[in-house]
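Number of protein chains: 2
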Amino acid sequence: MTTTTRDLVVGIDVGGTKTAVLVSDRFGAVAARAVGPTALGAPDVVVERIAVAVEGALSEAGATIADIAAIGVGVPGRVDPASGVVTLAVNLGWHDLPLGSRLAERLGAPTVLENDVRAAALGLHRRRVFGAVESLAFLAIGTGISSGVVLDGLLHRGANGLAGEIGHVIIEPDGTQCACGNRGCFETVAAGPALISRTLAGWGAGGNGRDGAAHAESDVTRVREIGAAAVYAAAAAGDPVARDVVDAAGRAIAWGIHLLALAYDVERIVIGGGVSHAGDAFMTPVRLQLDRYRASSSLAAEVLLPDLVQLLPAGADAGAWGAVTIARESLGLGSESLGLGSELPALALQGREVGHV
Amino acid sequence: MTTTTRDLVVGIDVGGTKTAVLVSDRFGAVAARAVGPTALGAPDVVVERIAVAVEGALSEAGATIADIAAIGVGVPGRVDPASGVVTLAVNLGWHDLPLGSRLAERLGAPTVLENDVRAAALGLHRRRVFGAVESLAFLAIGTGISSGVVLDGLLHRGANGLAGEIGHVIIEPDGTQCACGNRGCFETVAAGPALISRTLAGWGAGGNGRDGAAHAESDVTRVREIGAAAVYAAAAAGDPVARDVVDAAGRAIAWGIHLLALAYDVERIVIGGGVSHAGDAFMTPVRLQLDRYRASSSLAAEVLLPDLVQLLPAGADAGAWGAVTIARESLGLGSESLGLGSELPALALQGREVGHV
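Protein chains in written order, with this note's numbering: chain A, 28 to 384; chain B, 28 to 384.
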């Protein structure tokens, strides 16, 4: 006779292309992982695909659904945690999808939902990845730009669930049209699609750009297919157009960090998301501009403390850990049960890239 | 024999030129008011001047210091509420002034300090001036620009006491030099000194400006002496330079409101401060720009709900009520003791202008 103790939790990070599943025990130790393609469109297919990925991970862990205390799902879009409904996830084509109840029904375990960036912020805070702090903002730069904010240890969602949507603060009043309808939003300068379109526009359609240089069709193809990473690579290789684009993005991201610091005055601003995976190439222009702010303004120096800005390593699995975290919180498990004390060092980052943004 | 019940609280709003004192009973009814000039510089003079104003107000209320349970002070600058020290109040010339302990000693009642804009935000929230909301931002536009933010019913101060300092978010990267050291801060476009200097620069030193019109020396003098209000008056009278300045300020303030809405997603953004006392002349360009945002973006329309933005009437005494509020909170008195229930209408605004910014 087996006794099921329901001492596992499942975190599901739904990304634009991949869905990552992480099975963890109640103390935060990894029991299993799985990654599968994200299903777009029809609710039945979406639910079934996620359920199959979860079952695969459970079987890898030698467990069954009877061992699961709770499931957490991070979704790149707007969700209503209270009802478990994905209100709108543009990039996934999901609209008013009751993902929470559908998954709970299909898998037979309580399921909670949260916006992926918010869940990641909460996970980074609870796991003390960047120290035991009261407040933290996670700035995710990928297809779009948004932030998740933990203040006084609590996730701040806002009155309409829109808190932290700083990707739509306007940085260039007469700038590029944004998907939101306004012009010159932060996203139109520094998100992945902006980096790609600005580079391609600079190079010119035929590969002969404003820099007068000829660009091989392969360069253009690489940027189209690989995206922002190829723009950073081109900039590193000395391409002047890509360099301008990357520098402008870096200045904009520093501006956004300064904005977050002044608005929230958090202890940590963690930078993540697909675009940030370019690592040093990504951070160098950001750091340069932050240093300029600090050098010219004592207020900026005071609010932009040296430990404030942290780059999340590409393999940090912040999305999946965030999903595990919201599952744990739904069970009333705080960071205490992770066995963390303020004397203990921060947990090491575990895992690999899941492309949570 | 008289029994002293210590059932009064005192709120002191230290403004750049005037200091307002408000004596209130524990239920929020006004017992007395007084206004006196703010003393700059020497700590002894500062403390004595405030103490005399408090004693004057108490005597008007037929009370003595023995009736006072707590004193709250709102200061236009950086304060450390825990130690009662004014770290820096540039416009008052105060630096590391232990105002809390000095006043407590001189007057013989416990004294708490807070930044004036934060105290005002808390007061507006607790008194339900704009309804019983969980979250509220108070955007004060005067000599500088800053905001005080109440989230989930709690004042949000930030890790370094700098939360809400959005006057230094950069709006014009190559703009005017700001007092903080950086260029193009929000303050350099929309705060009082910016309105004045931009108008005078537009008119030209001799009264003949870029608009080709001759400006009477009296116009220039009025702007120099009255300040932003004279700029709004000139704009209303059709002066093209003043109109441009006022329109640019209005667009910037709408931008700041949009920023606050996206960052915090609060239920109310209340606009106050000396510059806002121009009323309709001040708000019309702001509302126009907010409407433009709403018209072009459904996200903006969703976050900029019709009830979101509220203009504080010039006579609202938000600063003095804020100071009363922090005194009440130091006694553990919440809004319940104000006799407010969710069924009750919002308290009417009381009092007159004290120029809290």
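Backbone N, C-alpha and C fix where the C-beta goes; we use that ideal spot for every residue, glycine too.
Could you pull the DSSP bridge partners for residue i from this structure?
i, result
"residue 122 (chain A)", "A:115"
"residue 53 (chain B)", "Residue 53 (chain B) pairs with nothing; no bridge assigned."
"residue 64 (chain B)", "B:45"
"residue 182 (chain B)", "B:177"
"residue 164 (chain B)", "B:176 and B:296"
"residue 36 (chain B)", "B:51 and B:97"
"residue 140 (chain A)", "A:100"
"residue 210 (chain A)", "A:204"
"residue 261 (chain A)", "Paired residues: none, contrary to the question."
"residue 80 (chain A)", "According to DSSP, residue 80 (chain A) bridges with nothing at all."
For the candidate residues the options, whose alpha-carbon lies nearest to that of residue i?
i, options, result
"residue 149 (chain B)", "B:295, B:317, B:314 and B:312", "B:295"
"residue 306 (chain A)", "A:256, A:93, A:116 and A:79", "A:256"
"residue 228 (chain B)", "B:247, B:212 and B:211", "B:247"
"residue 262 (chain A)", "A:46, A:338, A:309 and A:219", "A:309"
"residue 276 (chain A)", "A:63, A:172 and A:58", "A:172"
"residue 105 (chain A)", "A:82, A:95 and A:118", "A:118"
"residue 278 (chain A)", "A:244, A:230 and A:214", "A:214"
"residue 147 (chain B)", "B:127, B:166, B:132 and B:274", "B:166"
"residue 188 (chain B)", "A:42, A:207, A:288 and A:80", "A:288"
"residue 63 (chain B)", "B:45, B:293 and B:205", "B:45"
"residue 222 (chain A)", "A:175, A:208, A:270 and A:245", "A:270"
"residue 90 (chain B)", "B:101, B:224 and B:50", "B:50"
"residue 58 (chain A)", "A:81, A:203 and A:110", "A:81"
"residue 219 (chain B)", "B:113, B:301, B:333 and B:355", "B:301"
"residue 329 (chain A)", "B:120, B:207, B:217 and B:274", "B:207"
"residue 127 (chain B)", "B:341, B:74 and B:360", "B:74"
Do residue j and residue i have their beta-carbon atoms positioned less than 8 Å apart in this structure?
i, j, result
"residue 303 (chain B)", "residue 168 (chain B)", "yes"
"residue 346 (chain A)", "residue 143 (chain A)", "yes"
"residue 97 (chain B)", "residue 358 (chain B)", "yes"
"residue 61 (chain B)", "residue 84 (chain B)", "yes"
"residue 122 (chain B)", "residue 115 (chain B)", "yes"
"residue 353 (chain B)", "residue 313 (chain B)", "no"
"residue 456 (chain A)", "residue 34 (chain A)", "Because residue 456 (chain A) is not part of the residues shown, which for chain A are 28 to 384, the question remains open."
"residue 70 (chain B)", "residue 140 (chain B)", "no"
"residue 95 (chain A)", "residue 37 (chain A)", "yes"
"residue 298 (chain B)", "residue 331 (chain B)", "no"
"residue 161 (chain B)", "residue 179 (chain B)", "yes"
"residue 191 (chain A)", "residue 175 (chain A)", "yes"
"residue 101 (chain B)", "residue 68 (chain B)", "no"
"residue 196 (chain B)", "residue 285 (chain A)", "yes"
From the beta carbon of residue i, is the nearest beta carbon of chain A less than 8 Å away?
i, result
"residue 197 (chain B)", "yes"
"residue 42 (chain B)", "no"
"residue 33 (chain B)", "no"
"residue 39 (chain B)", "no"
"residue 290 (chain B)", "yes"
"residue 142 (chain B)", "no"
"residue 268 (chain B)", "no"
"residue 379 (chain B)", "Bear in mind that a pLDDT of 31 at residue 379 (chain B), under 50, signals an unreliable position, so the model cannot answer this."
"residue 178 (chain B)", "yes"
"residue 50 (chain B)", "no"
"residue 110 (chain B)", "no"
"residue 329 (chain B)", "yes"
"residue 259 (chain B)", "no"
If we define contact as Cβ-Cβ less than 8 Å, is residue i a contact residue for chain B?
i, result
"residue 285 (chain A)", "yes"
"residue 294 (chain A)", "yes"
"residue 86 (chain A)", "no"
"residue 384 (chain A)", "Unreliable placement is indicated for residue 384 (chain A), whose pLDDT of 28 sits below 50; no coordinate value is reported for it."
"residue 146 (chain A)", "no"
"residue 282 (chain A)", "yes"
"residue 202 (chain A)", "no"
"residue 193 (chain A)", "yes"
"residue 47 (chain A)", "no"
"residue 325 (chain A)", "yes"
"residue 182 (chain A)", "no"
"residue 209 (chain A)", "yes"
"residue 187 (chain A)", "yes"
"residue 190 (chain A)", "yes"
Point to revise | Three or more C-beta pairs below 8 Å linking the segment 240-251 of chain A and the segment 130-146 of chain B | key: Judged by pairs of C-beta atoms under 8 Å, the segment 240-251 of chain A does not touch the segment 130-146 of chain B, as fewer than three such pairs exist.
Check your understanding: Taking contact to mean at least 3 C-beta pairs separated by less than 8 Å, is the segment 313-331 of chain B in contact with the segment 182-193 of chain B?
Key -> Contact fails: fewer than three Cβ-Cβ distances are below 8 Å.
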